[in-house]
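Undergrad: What follows is a single structure, and I will ask about it in a moment.
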Amino acid sequence: MGFWCPYSRFEPWPGSFGNLEFLNLSLELQSTMVERVAIILAAGVSNRMNTQMPKVLHEVCGRPMLAYVLDACREVGVERIYVVAGFGIEQVRERFDTASDIIWVQQEEQKGTAHAVLCCKEDLEDFDGETLVLCGDGPLIRAKTLKTLIEKYEASQSVVTLATAVLEDTAGYGRIIRDAYGNIAGIIEDADCTSEQRVVKEVNPSYYLFNNKVLFEAAEKVKPDNVKKEYYLTDAIALIIATGKKVIAVTAVRPDEAKGVNSRVELTEANKIMQRRIQWELMDNGVTIVDPDNTWIEKETQIGQDTVIEPFTYIHGEVKIGRGCRVGPFAYLRDGTVLEDDVVLGVFTEIKNSTLGKGARARHHSYIGDATVGKNVNIGAGSITANFDGEKVSRTTIGNDCYIGSGSVLIAPLELKDGSHISAGTVVSQEDINKFGRGSKTQ
Ligand code: UD1
Ligand code: MG
Numbered sequence: 107m108g109f110w111c112p113y114s115r116f117e118p119w120p121g122s123f124g125n126l127e128f129l130n131l132s133l134e135l136q137s138t139m140v141e142r143v144a145i146i147l148a149a150g151v152s153n154r155m156n157t158q159m160p161k162v163l164h165e166v167c168g169r170p171m172l173a174y175v176l177d178a179c180r181e182v183g184v185e186r187i188y189v190v191a192g193f194g195i196e197q198v199r200e201r202f203d204t205a206s207d208i209i210w211v212q213q214e215e216q217k218g219t220a221h222a223v224l225c226c227k228e229d230l231e232d233f234d235g236e237t238l239v240l241c242g243d244g245p246l247i248r249a250k251t252l253k254t255l256i257e258k259y260e261a262s263q264s265v266v267t268l269a270t271a272v273l274e275d276t277a278g279y280g281r282i283i284r285d286a287y288g289n290i291a292g293i294i295e296d297a298d299c300t301s302e303q304r305v306v307k308e309v310n311p312s313y314y315l316f317n318n319k320v321l322f323e324a325a326e327k328v329k330p331d332n333v334k335k336e337y338y339l340t341d342a343i344a345l346i347i348a349t350g351k352k353v354i355a356v357t358a359v360r361p362d363e364a365k366g367v368n369s370r371v372e373l374t375e376a377n378k379i380m381q382r383r384i385q386w387e388l389m390d391n392g393v394t395i396v397d398p399d400n401t402w403i404e405k406e407t408q409i410g411q412d413t414v415i416e417p418f419t420y421i422h423g424e425v426k427i428g429r430g431c432r433v434g435p436f437a438y439l440r441d442g443t444v445l446e447d448d449v450v451l452g453v454f455t456e457i458k459n460s461t462l463g464k465g466a467r468a469r470h471h472s473y474i475g476d477a478t479v480g481k482n483v484n485i486g487a488g489s490i491t492a493n494f495d496g497e498k499v500s501r502t503t504i505g506n507d508c509y510i511g512s513g514s515v516l517i518a519p520l521e522l523k524d525g526s527h528i529s530a531g532t533v534v535s536q537e538d539i540n541k542f543g544r545g546s547k548t549q
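With the working numbering as the guide, the letters of the sequence shown map in order to residues 107 to 549.
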């Protein structure tokens with residue numbers, strides 16, 4: 107095999123360009139050789155949210171909006187992500203402090219999206235690669251769409267490719283303006299549209315892939331000539347087109363992922379869309395969700411095959427549920443819950459930071475917090491772990507095959523040995539257990 111440089115005009119051996127496989131390989135090589143970074147714009151103050159909190163920290167199905175955008179970048183192989191933050195930057199950084207692929211950039215004053223990009227100038231001005239630009243308030247983004255964006259960029263050999271969406275309700279979005287040949291001519295922001303432009307249904311969901319140098323050259327030239335007097339990144343598109351360079355817009359974003367979150371109402375709408383995605387994926391993986399509209403399952407939840415989730419169940423945070431379980435109706439599972447296989451939880455059971463062993467049952471009105479519950483344990487109606495003494499939270503350990511009678515209060519810290527039997531209506535402390543000596547007060 108000879109050495110071949112993807113940018114070389116010379117053939118390494120005669121006739122090799124006639125070989126389709128070779129061409130495919132070289133395209134792949136080319137795409138892997140160009141470095142790609144991402145800029146996520148997340149500095150906005152967000153007056154429309156009416157909030158004291160940075161907008162991108164508002165949660166969609168239990169995770170900050172920004173987390174979804176970061177994940178989408180990672181899924182398409184981006185290893186350096188520049189996050190432009192401003193308002194509440196310390197809070198945002200703190201939330202993502204374990205991520206080593208984020209480079210934080212501060213935008214002191216929020217002067218618009220082009221200005222936000224320019225805040226990365228010091229780091230990126232000389233970068234000879236491709237730059238994805240995305241908004242931190244677009245949590246519904248799919249990595250699959252970013253992949254399409256990258257493929258279209260490469261196939262078209264453009265300097266900018268943007269992915270667009272066609273929406274029924276276009277209020278608030280930049281409109282994609284095309285010329286008589288269907289080529290993109292520019293993007294006009296909602297507030298700046300003429301009445302003719304306002305009826306355009308194709309919008310800008312802010313998914314862009316730029317040749318990095320072209321991006322920074324154009325962003326420098328943007329002027330705040332618009333209703334809001336901001337430096338719009340969307341104006342950079344027309345400026346690049348005017349230089350004769352190739353810009354393409356592909357309609358590749360589904361309406362359900364185009365939605366940016368600018369208000370509390372839009373936050374709720376994004377939550378609904380994400381919730382549906384989470385539930386549909388679980389159902390595809392063999393989970394029965396009896397009434398999806400009356401069930402809430404957050405993003406970090408894992409559920410095994412043939413588990414049934416009954417109506418009015420709320421699952422919050424990082425929760426793992428095994429196979430063949432039955433949960434609800436009216437169950438509340440909180441962060442740190444682990445249910446092994448075949449667990450049954452019935453009405454008004456709340457579980458927090460606890461593991462329930464295979465075949466354990468708590469069918470009615472229980473609170474189990476900070477506990478490790480063994481296999482085949484039966485927790486009777488109305489039994490609870492009293493895990494907080496007013497100062498500290500303590501753990502309860504219940505061995506395998508225990509029977510906890512109805513209306514029992516297990517005062518933590520407490521350890522019940524395998525096979526313990528607690529009669530109905532008992533208040534149990536470790537002191538009692540030690541006194542009675544055989545693992546439980548009522549054995
Ligand atoms: C933006 C686009 C619009 C697009 C819509 C999609 C511009 C000018 N408009 O409008 O074409 O249809 O997103 O959701 O780009 N930000 C900063 N610094 C700033 C201003 C904004 O970092 O100075 C960040 C915000 O935090 C936000 C993102 O940029 O995450 C977009 O800003 P936002 O004000 O939400 O713009 P939109 O009006 O939604
Ligand atoms: Mg927005």
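For glycine and all other residues, C-beta sits at the position ideal for the given N, C-alpha and C.
Note that the structure is predicted; figures quoted are calculated from it, not measured.
Considering only residues of the segment 169–253, which uninterrupted beta strand (DSSP E) runs meet the minimum length of 3 residues and lie entirely inside it, listed in chain order?
TA: Those beta strand (DSSP E) runs which fall completely within the segment 169–253 and span 3+ residues are 187–191, 208–212 and 236–241.
Undergrad: Could you tell me the distance, in whole angstroms, from the CA atom of Phe494 to the CA atom of Gly475?
TA: Rounded to whole angstroms, Phe494 to Gly475 spans 9 angstroms at the Cα level.
Undergrad: Pull up the DSSP beta-bridge partners for Ser369, would you.
TA: Answer is none; Ser369 lacks a bridge partner.
Undergrad: Among His422, Glu214 and Tyr259, which one has its Cα closest to the Cα of Asp236?
TA: Checking the displayed sequence, the identity of residue 236 turns out to be Glu instead of Asp. Nearest of His422, Glu214 and Tyr259 to Glu236, Cα basis: Tyr259.
Undergrad: Checking the sheet assignment: what are the DSSP bridge partners for Thr276?
TA: DSSP, once it has assigned bridges, lists no residue as partnering Thr276.
Undergrad: Report yes if the CB atom of Val189 is closer than 9 angstroms to the CB atom of Ile145, and no otherwise.
TA: Result yes, Cβ atoms of Val189 and Ile145 sit closer than 9 angstroms.
Undergrad: Taking only the alpha-carbon atoms, compute the straight-line gap between Phe128 and Leu238 and give it to the nearest angstrom.
TA: With a pLDDT of only 40 at Phe128, under 50, the local geometry of the prediction cannot be trusted, and the value read off the model is given with reservation. Taking the straight line joining both Cα atoms gives about 28 angstroms.
Undergrad: Counting only the same chain and skipping the five closest in sequence on each side, list residues whose C-beta sits under 6 angstroms from that of Val151.
TA: Around Val151: Phe193 and Gln216.
Undergrad: Please tell me whether Val414 and Val393 are closer than 9 angstroms, where the distance is taken between their beta carbons.
TA: In this structure, Val393 lies closer than 9 angstroms to Val414 by Cβ.
Undergrad: Is it buried or exposed, Met171, if we count other Cβ atoms within 10 angstroms and call 16 or more buried?
TA: Result: buried.
Undergrad: At the level of alpha carbons, what is the spacing between Val266 and Ile346?
TA: Near 8 angstroms, if we compare the C-alpha coordinates of Ile346 and Val266.
Undergrad: Let me make sure I understand the geometry here. Which of Asp275, Lys227 and Lys250 has the alpha-carbon closest to that of Gly324?
TA: According to the sequence provided, residue 324 is Ala. The question's Gly does not apply to it. When only C-alpha atoms are compared, the closest one is Lys227.
Undergrad: Is Gln263 helix, strand or coil when you go by DSSP?
TA: The answer is coil: DSSP assigns Gln263 none of H, G, I, E or B.
Undergrad: Report the rounded CA-to-CA distance for Leu404 versus Asp207, giving the unit in angstroms.
TA: It is Glu, not Leu, that sits at residue 404 in the sequence shown. Distance between the alpha carbons of Glu404 and Asp207: 25 angstroms.
Undergrad: Rounded C-beta distance between Arg467 and Ile490? I'm assuming under 8 angstroms.
TA: Actually they do not touch by this definition, with Cβ atoms about 15 angstroms apart.
Undergrad: Does the distance from the CB of Gly366 to the CB of Pro417 come in under 9 angstroms?
TA: Not closer than 9 angstroms, so no.
Undergrad: Would the C-beta of Val309 count as close to ligand 4, meaning under 8 angstroms from any of its heavy atoms?
TA: No copy of ligand 4 occurs in the structure displayed; its ligands are ligand 1 and ligand 2 alone.
Undergrad: Should Thr219 and Glu336 be called a contact, given that it needs their Cβ atoms to be closer than 9 angstroms?
TA: For Thr219 and Glu336, yes; Cβs fall inside 9 angstroms.
Undergrad: Would the beta-carbon of Asn368 be found less than 8 angstroms away from any heavy atom of ligand 1?
TA: Under cutoff, so the answer is yes.
Undergrad: Which whole-angstrom value describes the C-beta separation of Arg469 and Gly452, a residue pair presumed to lie in contact below a C-beta threshold of 8 angstroms?
TA: Their Cβ separation, rounded to whole angstroms, is 4 angstroms, which keeps Arg469 and Gly452 in contact under 8 angstroms.
Undergrad: If I follow the unbroken beta strand (DSSP E) through Phe454, where does it start and stop?
TA: Residues Val450 to Lys458.
Undergrad: So, using beta-carbon positions, are Tyr174 and Val184 closer together than 9 angstroms?
TA: No, they are not a contact pair.
Undergrad: With burial defined as no fewer than 16 other Cβ atoms inside 10 Å of the residue's Cβ, what is the status of Asn130: buried or exposed?
TA: The predicted position of Asn130 is uncertain, since its pLDDT is 46 and thus under 50; no value can be drawn from it.
Undergrad: Please give the ranges of any alpha helix (DSSP H) in the segment 324–399, keeping only runs that are unbroken, at least 4 residues long and fully inside the region.
TA: Segments of the alpha helix (DSSP H) lying fully in the segment 324–399: 340–348, 361–364 and 370–390.
Undergrad: Looking at Cys225 and ligand 2, is the gap between the Cβ and the nearest heavy atom below 8 angstroms?
TA: No - ligand 2 has no heavy atom lying nearer than 8 angstroms to the Cβ of Cys225.
Undergrad: Is any non-hydrogen atom of ligand 1 found closer than 8 angstroms to the C-beta of Cys241, if you look at the structure I gave you?
TA: Cys241 Cβ: within cutoff of ligand 1.
Undergrad: Is it buried or exposed, Tyr287, if we count other Cβ atoms within 10 angstroms and call 16 or more buried?
TA: Exposed is the call here.
Undergrad: Determine the closest residue to Ala261 out of Ala342, Lys352 and Val198, with distance taken between C-alpha atoms.
TA: Taking only the C-alpha atoms, the option nearest Ala261 is Lys352.
Undergrad: Run the proximity test for Leu147: is its beta-carbon closer than 8 angstroms to any non-hydrogen atom belonging to ligand 1?
TA: Yes, ligand 1 has a heavy atom inside 8 angstroms of this Cβ.
Undergrad: With distances taken from CA atoms, which of Thr502, Thr300, Glu295 and Ala437 is nearest Val450?
TA: Cα-wise, what sits closest to Val450 is Ala437.
Undergrad: Could you tell me the boundaries of the alpha helix (DSSP H) in which Arg469 lies?
TA: Premise fails: Arg469 lies in the beta strand (DSSP E), Arg467 to Gly475, not in any alpha helix (DSSP H).
Undergrad: For Ala342 and Thr270, which I take to be in contact (beta-carbon distance under 8 angstroms), what is that distance rounded to the nearest angstrom?
TA: Not a contact, Cβ separation roughly 16 angstroms.
Undergrad: Which residue wins for smallest C-alpha separation from Asn459, given the options Asp441, His471 and Tyr473?
TA: For Asn459, the nearest C-alpha among the options comes from Asp441.
Undergrad: Got a sec? Which residues, its chain only, sit under 8 angstroms from Ala348 by beta carbon, not counting five neighbours each side?
TA: Cβ within range, chain order: n/a, list empty.
Undergrad: Leaving out five residues before and five after Thr254 in sequence, what residues of the same chain have Cβ atoms less than 6 angstroms from its Cβ?
TA: The residues are Ala358.
Undergrad: In angstroms, rounded to a whole number, what distance separates the CA positions of Leu133 and Ile256?
TA: Note that Leu133 scores a pLDDT of 46, beneath 50, so its modelled location is shaky and nothing firm can be said.
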